[in-house]
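*Asks:* So the sequence lines, in the order shown, correspond to chains C and F.
Residues in the first sequence are numbered consecutively from 37, following the numbering used here.
Residues in the second sequence are numbered consecutively from -7, following the numbering used here.
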Amino acid sequence: MDDGVLTALVLTAALAAVTTLVLLVIAPPLAWWLAHSRRAGASFVEALVALPLVLPPTVLGFYLLLAMAGDSWLGGAWRALTGQPLAFTFSGLVIASILYSLPFVSQPLTASFRNTPSELLDAAAVMGVAPAARFLRLMLPLHWRALLAAAVLGFAHTVGEFGIVLMIGGSIPGETRVLSILLFDQVESLDYVSAHLTAGILLAVSLAALTFTYGVLRRR
Amino acid sequence: MSLRLKGALQSADGFRLQVDLELPSVGVTALIGASGAGKSTLLRIIAGLARPDGFTLSFNGQRWDALPAHRRPISMTLQQPALFPHLTVAGNLRAVPGAKQIDAAAARFGLQDLLARKPATLSGGQQQRVALARAYLKPALLWLLDEPLSALDPLARAELAPMLRRLCRTLNRPVIYVTHALAEVLQIADHLVVMEAGEVIGAGSPETVAAQLDHPLSPLIDTGGILEAVFEAYDPESRLSTLRLGAQRLWVGGDLRDAPSPVRVQILARDLALALERPAGTSILNILAVTLTGLAPAGDGALFAELDCAGQRLRARITRPSQANLGLKPGMALFALVKSTALDLHGA
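Written as structure tokens, this is what we have:
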């Protein structure tokens, strides 16, 4: 395996891991709220979260590029905070991946949370368990399958993103050149031997992740 | 010292609940009524699981309206055991905040050998015992039991009923016990509240309530009365208990050796037959000497014959032709007949 592939592989794994970890913190409370809120605004928020499923990644990438520019509020704030730019950096990719992969983590969780038998919530309440503890200590362990499936889907989907990375990350080795971008570069330069390896890795990871996810969800 | 609940609600599907109740904060209060009468809704309001506007609730002078369910000093079991499927029995018990002496609670409810099991591997009766133990582990001032036997098959019900009776008697906490079967609570209820279509239609001691109620078409309260009798003996072969009622004897189905005294026996008005003379050559064991005190229309063409049985009130449901044939008049001495199988207290 040449250095380029190895570097891209490590970078892709790091991006997917960081993104998944952040999403595992953000998505469960959001999904719980979406599953149980009766507010009128909840549908709008749900639609907002689901947008990356239907939008071309380039649209999201375009807006993120604008938001991350050095003279924008987000890019400016980030630079003031860290001294680094956001666009065309690993940090920028992480933020983009979080938004882009959010629906893949939140949707299986929302579906599973919605199926919580109401008597279990009642039981927890009359047992004297406070709402936050009800969620963290009883509901999250109860929905561990959905959490696992969501994490794997989020990871795999981050590994597989392309358009949005191209828009805001470009192709900087070791910083933003993930496997999907590397494959694009390899094909453009007609290096089909390397392209086979890169494509093979992506195919294998995706298939393994999906098989695992469906396996977990099947054993009930 | 009491639980006060007052308010009204109207749900979107037309169900209306209106109550103004004061319940004693000692002993067992049975909240009884047909399904849809609103008794579970009432219990959920007391528990804080439903907090509709326009209800005020206080317990021993403390207002509970603003308290969310998890802050109310209650122990409750729901209609379903509602055990957490991903936790073992021990895990379910430990999930109660501040639970102490889990082993003692497990022993009390006969769960020692089940602690490592998951709820899915337990029988319905075992699951309900875990739910009771879980409620028992929470320090509480008031117990709420929502149809604790209704989700069980008859066998599990017969097994759990005595345990539940013992629990209610030994808790030293007020209990509100919701059920649609009067027989289930007859032996333990100190206070009876009857609900129908979202309203309380009778409240008081079981004997008074049974005598007040005049709803002939409701099988729940087609009660001819509740007799108080003293346990005498149990015959395991026939599975009948003998009770003393003054100088008379009553045979009822079921083992009543551990029942509190006096034993309460509910007799449905439709199960009572009347005779002018003591019948001979009959399979009916229970023949009670009674005096007819009055006749009242039952509302559906039939009549209620009001009876006095050694100082206790009874009511038989008879047809108008029967009344004419027997020439029934107040003051007559009669014999009331009821089959022992109609008085089966087994599992009650």
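All residues carry an ideal CB built from backbone N, CA and C; glycine is no exception.
Who are F/D138's beta bridge partners in DSSP?
*Replies:* Paired residue(s): F/V170.
*Asks:* When DSSP builds the beta bridges, which residues end up paired with F/L306?
*Replies:* Looking at the DSSP assignment, F/L306 forms a beta bridge with F/L299.
*Asks:* Is there a Cβ from chain F that is less than 8 Å from the Cβ of C/L178?
*Replies:* By this cut-off, C/L178 is an interface position.
*Asks:* Buried or exposed for F/G117, please, with buried defined as at least 16 other CB atoms from any protein chain shown within 10 angstroms of its CB.
*Replies:* When all chains shown are included, F/G117 counts as buried.
*Asks:* Under 7 Å between beta-carbons, which chain F residues line up against C/V174? List them in chain order, please.
*Replies:* Strictly speaking, residue 174 of chain C in this sequence is Leu, with Val absent from that position. Neighbours of C/L174 on chain F, chain order: F76, A87.
*Asks:* Which residue comes first and which comes last in the beta strand (DSSP E) that contains C/A235?
*Replies:* No beta strand (DSSP E) holds C/A235; the alpha helix (DSSP H) holding it covers 228 to 254.
*Asks:* Distance, Cα to Cα, C/E22 vs C/V195?
*Replies:* Only positions 37 to 256 of chain C appear in the structure, and residue 22 of chain C is not among them; the question remains open.
*Asks:* Can you tell me whether F/P228 is buried or exposed, with buried defined as 16 or more other CB within 10 angstroms of its CB?
*Replies:* F/P228 should be labelled exposed.
*Asks:* Cβ atoms of F/V170 and F/C160: under 8 Å apart, would you say?
*Replies:* Contact: no.
*Asks:* For the alpha helix (DSSP H) containing C/G111, name the first residue and the last one.
*Replies:* That run of the alpha helix (DSSP H) goes 109 to 118.
*Asks:* Between the alpha carbons of F/L318 and F/L326, how many angstroms are there, rounded?
*Replies:* Going by the C-alpha atoms only, they are around 10 Å apart.
*Asks:* Which runs of the beta strand (DSSP E) spanning at least 3 residues fall entirely within the region 55 to 128 of chain C, listed in chain order?
*Replies:* Counting only runs of 3 or more, we get nothing.
*Asks:* Round the Cβ separation of F/G216 and F/G30 to the nearest angstrom and send it over; I've been treating them as touching at under 8 Å.
*Replies:* Between F/G30 and F/G216 the Cβ distance is about 26 Å, and since that is not below 8 Å, they are no contact.
*Asks:* Given a cut-off of 8 Å, decide if F/I259 and F/L306 are closer than it, judged by their beta-carbon atoms.
*Replies:* It is a contact, given that the beta carbons lie within the stated cut-off.
*Asks:* Look at the alpha carbon of F/L320 and the alpha carbon of F/L9, and state the distance between them as a whole number of angstroms.
*Replies:* Using only the alpha carbons, I get a separation of about 42 Å.
*Asks:* In the structure shown, what three-state DSSP assignment does F/N317 receive?
*Replies:* Reduced to three states, the DSSP call for F/N317 is helix.
*Asks:* Put F/S84 into one of helix, strand or coil per three-state DSSP.
*Replies:* Strictly speaking, residue 84 of chain F in this sequence is Asn, with Ser absent from that position. The answer is helix: DSSP assigns F/N84 an H, G or I state.
*Asks:* Please state whether DSSP places C/L45 in a helix, a strand or coil.
*Replies:* Looking at C/L45 - three-state DSSP - the assignment turns out to be helix.
*Asks:* If you draw a straight line from the alpha carbon of C/A44 to that of C/E211, how long is it in whole angstroms?
*Replies:* C/A44 and C/E211: Cα-Cα distance of roughly 9 Å.
*Asks:* Starting from the C-beta of F/K331, find all residues in its chain whose C-beta is less than 6 Å away, skip the five residues before and the five after it, and write them out in chain order.
*Replies:* Answer for F/K331: I276, listed in chain order.
*Asks:* If I'm right that F/R109 touches F/V81 with Cβ under 8 Å, what's the distance once you round it to whole angstroms?
*Replies:* Indeed, because the Cβ distance is near 6 Å, the residues count as touching under 8 Å.
*Asks:* Given C/L215, which residues of its chain have a CB within under 6 Å of its CB, disregarding the five upstream and five downstream residues?
*Replies:* Excluding positions up to five away in sequence, the list reads A44, T48, T234, L238.
*Asks:* Name, please, each residue of chain C whose Cβ falls closer than 8 Å to the Cβ of F/L41.
*Replies:* Neighbours of F/L41 on chain C, chain order: D158, A161, V162.
*Asks:* Exposed or buried, which one is C/H193 when buried takes at least 16 other CB atoms within 10 Å?
*Replies:* When all chains shown are included, C/H193 counts as buried.
*Asks:* How would you label C/H72, buried or exposed, when you count the other beta carbons within 10 angstroms and need 16 or more for buried?
*Replies:* Classification for C/H72: exposed.
*Asks:* Please state if the CB of C/L129 and the CB of C/G205 are separated by a distance shorter than 8 Å.
*Replies:* Yes, the Cβ-Cβ distance between C/G205 and C/L129 is below 8 Å.
*Asks:* If contacts are defined as beta-carbon pairs under 8 Å, then C/A144 and C/A86 qualify, I think. What distance do you get, rounded to the angstrom?
*Replies:* Inspection of the sequence shows that residue 144 of chain C is occupied by Pro rather than by Ala. At roughly 12 Å, the Cβ-Cβ gap does not stay under 8 Å, so C/P144 and C/A86 are not in contact.
*Asks:* May I have a chain-ordered list of the beta strand (DSSP E) segments no shorter than 3 residues that lie completely inside the region 50 to 135 of chain F?
*Replies:* Correct list: 66 to 69.
*Asks:* Determine the contact status of F/M419 and F/G291, defining contact as a CB-CB distance below 8 Å.
*Replies:* The structure shown does not extend to residue 419 of chain F, since chain F spans only -7 to 340, so no value can be given for it.
*Asks:* Helix or strand or just coil, what does DSSP make of F/E188?
*Replies:* Reduced to three states, the DSSP call for F/E188 is strand.
*Asks:* Using 8 Å as the Cβ pair cut-off and three pairs as the minimum, do the region 233 to 247 of chain F and the region 277 to 286 of chain F touch?
*Replies:* Yes, the region 233 to 247 of chain F is in contact with the region 277 to 286 of chain F.
*Asks:* Mark F/F296 as exposed unless 16 or more other C-beta atoms lie within 10 angstroms of its C-beta, in which case mark it buried.
*Replies:* Buried, since its Cβ has 16 or more Cβ neighbours within 10 Å.
*Asks:* Closer than 7 Å, Cβ to any Cβ of chain C: which residues of the region 118 to 131 of chain F, in chain order?
*Replies:* Against chain C - using a Cβ distance shorter than 7 Å - the residues of the region 118 to 131 of chain F are R126, K130.
*Asks:* Under 7 Å Cβ-Cβ, which residues of chain C neighbour F/Q72?
*Replies:* In chain order: E155.
*Asks:* Under three-state DSSP, which class holds F/K331?
*Replies:* Residue state, collapsed to three classes: coil.
*Asks:* Would F/A61 pass as an interface residue toward chain B - the criterion being a Cβ-Cβ separation below 8 Å?
*Replies:* You won't find chain B in this structure, because its protein chains are C and F.
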